[in-house]
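Chemist: Encoded as structure tokens, here's the structure I'll be asking about.
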Amino acid sequence: MRWTVFVAIALALPCMAAEWWEEELQAQEAVEEGTPVQACAGKVLWTQGFIEVVGEAACDMDEALSEGHCYVMARRAAIVLAQEKLSETVNGIVVDGETLLRNELLSSSTLRTTMRGLVKGAQVVHEDRVTLPDGSILARVWMQLPLRGEGGLAAPILEHAAQLSAQRPVPAFSFDKAPPAEPFTGIIVNASGLQAVPAMAPRLLVLKELTAALSVEHVELATAQEIGLVEYAGSVDDARALGARIGSNPLVLKAESSHGATKSDLVISAQEGTRLAAGDPEGTLVRACKVVFAGHQFI
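Encoded structure:
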């Protein structure tokens, strides 16, 4: 059967994504008459909390019994292709400051099996049917896989990250015990201007001793699996809008650098660490994952 195939990973909602992935396809396609066409591009949507994949496949009507039969075959191919691209995208996710998921999948059969199951369980959230000028039928499907919550990546990855963290421990940061005069309700770490990369289990480190104020072993794991160890926002203003997570009076800290092989850990100065210690008595906010990392690079 002759197929013409297109695949792309979308960066936004379906109504916003078409221009982006069409432009990427045009840049990558090497079209030859009578041969399949394939292309792909992608990015994890950290600020929206999911990976979204768009798969396309078109079937030649001459090879189908009817238009309905043609669409069913095209849709099935689109879903298979989307799952393949979703798997590739998942493999490229940063786990923590030192680790990419693809490296851990090579050494853990349990993690591999879990990831395959999550990819297979990704939901089709939207689909289109298009009749092309030559009469063939094109099926387009949007699939989403959440980063956190039920059926998301956070549960298995954070459990694995906790094991990795135990193998390379960092001294814990010391929080004050006396509550501040004006209680803070959450923490925003401003990473604007830094070359920082989002991850599933990033750390917040404090100079001068480089102690860990936030890491996977210092939080309530069940909470982190449900809402994420941290949330990402494109700016401090965007972070302030996340009131359900950090409340109406967040403590805003400025990160001065990123750290680790993957550049996903953020580092604050000793002075900012003093503000954190005083503003979060006994690390209560940190343990509850009431933390947002903000910066345009996270969009």
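Taken in order, the sequence shown gives residues 11 to 309; the numbers are from my numbering.
Note that beta-carbon positions come from the ideal geometry of N, C-alpha and C, so glycine has one too.
Given the structure is predicted, the values throughout are model-derived calculations rather than measurements.
(1) Could you name the residues that DSSP lists as bridge partners for Thr120?
(2) Contact check, Val262 vs Ile198 under 8 angstroms by CB: the rounded distance?
(3) Looking only at its chain, what residues have a beta carbon closer than 8 angstroms to the beta carbon of Ser175, apart from the 5 residues adjacent to it on each side?
(4) Restricting to Cα atoms, I'd like to know which of Gly162, Ala254, His306 and Lys273 is closest to Ala298.
(5) Once the 5 residues before and after Ala84 are set aside, which same chain residues still bring their CB inside 7 angstroms of it?
(6) Quick check: the region 283 to 296 against the region 240 to 247, are there 3 or more CB pairs under 8 angstroms?
(7) Tell me which same chain residues have a C-beta within less than 6 angstroms of the C-beta of Asp144, skipping the five on either side of it?
(8) According to the neighbour-count rule (16 or more other Cβ atoms, all chains shown, within 10 Å of its Cβ), is Pro208 buried or exposed?
(9) Start and end of the alpha helix (DSSP H) containing Ser268?
(10) Distance check for Pro179 and Pro291, CA to CA, integer angstroms please.
(11) Report the rounded CA-to-CA distance for Leu128 versus Arg122, giving the unit in angstroms.
(12) Could you give the DSSP three-state label for Pro291: helix, strand or coil?
(13) Could you work out which residue in Val63, Leu55, Leu110 and Thr57 is closest to Gly270 when comparing CA atoms only?
(14) Please report how far the alpha carbon of Leu96 lies from the alpha carbon of Pro193, in whole angstroms.
(15) Reducing DSSP to helix, strand and coil, say where Cys80 ends up.
(16) Can you tell me whether Met11 is helix, strand or coil according to DSSP?
(17) Arg285 by DSSP, collapsed to three states: which one?
(18) Does DSSP classify Val47 as helix, strand or coil?
(19) Short of 7 angstroms in beta carbon distance, which residues of its chain neighbour Ser279, apart from the five on each side in sequence? Order them along the chain.
(20) Would you report the Cα separation of Gly59 and Ala165, rounded to the nearest angstrom?
(21) So Leu163 and Leu239 are in contact, right, with Cβ under 8 angstroms, and what is the actual spacing, rounded?
(22) Which one of Leu215, Leu157 and Thr57 has the shortest CA to CA distance from Lys273?
(23) Could you tell me which uninterrupted alpha helix (DSSP H) segments, each at least 4 residues in length, are contained entirely in the region 184 to 263, listed from first to last along the chain?
(24) Label Leu157 either buried or exposed according to how many other C-beta atoms from any shown protein chain fall within 10 Å of its C-beta, with 16 as the threshold for buried.
(25) Measuring alpha carbon to alpha carbon, tell me which of Gly196, Gln173, Leu116 and Glu219 ends up nearest Phe183.
(26) Output yes or no for whether 7 angstroms exceeds the beta carbon distance between Gly159 and Glu236.
(27) Just mark His306 as buried or exposed, buried being the case when its beta carbon has 16 or more other beta carbons within 10 Å.
(28) Suppose you measure from the CA of Ala223 to the CA of Arg213; what does that come to, to the nearest Å?
(29) According to DSSP, is Ala304 helix, strand or coil?
Modeler: Working from what's here:
(1) Answer is none; Thr120 lacks a bridge partner.
(2) 5 angstroms
(3) Asp106, Ala211, Ser225, Val226 and Glu227
(4) Ala254
(5) Ala67, Ala68, Cys69, Ile147, Leu148 and Ala149
(6) no
(7) none
(8) buried
(9) Not the alpha helix (DSSP H): Ser268 falls in the beta strand (DSSP E), residues Pro260 to His269.
(10) 23 angstroms
(11) 10 angstroms
(12) helix
(13) Leu110
(14) 42 angstroms
(15) helix
(16) Interpretation of Met11 is limited by its pLDDT of 43, a score under 50 that renders its predicted location unreliable; no figure is taken from the coordinates.
(17) helix
(18) Here the model assigns Val47 a pLDDT of 35, short of 50, so the residue's position is not dependable and the matter cannot be decided.
(19) Leu217 and Glu266
(20) 14 angstroms
(21) At roughly 12 angstroms, the Cβ-Cβ gap does not stay under 8 angstroms, so Leu163 and Leu239 are not in contact.
(22) Leu215
(23) 231 to 237, 246 to 250 and 253 to 256
(24) buried
(25) Glu219
(26) yes
(27) exposed
(28) 8 angstroms
(29) strand
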